[in-house]
Amino acid sequence: MQAPAPPQETVAAANSPDWSTRAAAGQQLAAWANQDDIADILQRLLLDRGDTAVVEATCLALLRRNDIHGTRLVARATTTAHDLLTIGLDHLDHLHAAVVNYLLPDWLGQLTGIVDDFLILCDALAQDPDPTTATGAKELADWARP
11 MQAPAPPQET VAAANSPDWS TRAAAGQQLA AWANQDDIAD ILQRLLLDRG
61 DTAVVEATCL ALLRRNDIHG TRLVARATTT AHDLLTIGLD HLDHLHAAVV
111 NYLLPDWLGQ LTGIVDDFLI LCDALAQDPD PTTATGAKEL ADWARP
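Going by the numbering used here, the first residue of the sequence shown is number 11, and it counts up by one from there.
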């Protein structure tokens, strides 16, 4: 059974100057993606300007939840990452890499259902009233379709 809140040291680690500590925090905090205060921290880590390894690690952890909460955060980050391209940040490439990493076993036939489950989540989020979420979900679905 999951604790009702993440350990305070994990929350604090999300602000560490060390990229590997922030990446580990993102991976651990993904378990609480359904909590608004933690979702805000995860959203920041998905767009971490200090190191894109944090972006990929957090994204992959959220996708592995295989639920609407994790996928919503990734969809929102995908839309926002487009804005970062204008200032020379390649976060969108790193989010895409994490999605590919997550879906690759299914594409290679090693697992079944990962892509289908992901597309179901994306299609549901594409109907979200929040345009940032809906736009990001549509893009994620495009990435997942061969």
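Positions of the beta carbon are idealized from the N, C-alpha and C atoms, including for glycine.
A154 is a Cβ neighbour of V125, given a cutoff of 7 Å.
Within the same chain, A23, A24, N25, S26, L55, D58, G60, D61 and V64 come within 8 Å of R32 by CB-CB distance, once the 5 residues on both sides are set aside. The alpha-carbon separation between K148 and V109 amounts to approximately 13 Å. Counting C-beta atoms within 10 angstroms of its own C-beta, R86 has 16 or more neighbours from the protein chains shown and is therefore classed as buried.
Counting along the chain, the unbroken alpha helix (DSSP H) around I48 starts and ends at D46 to L56. With a threshold of 16 other beta carbon atoms within 10 Å, P16 meets it and is buried.
Look at S30 here: in three-state DSSP terms it is helix.
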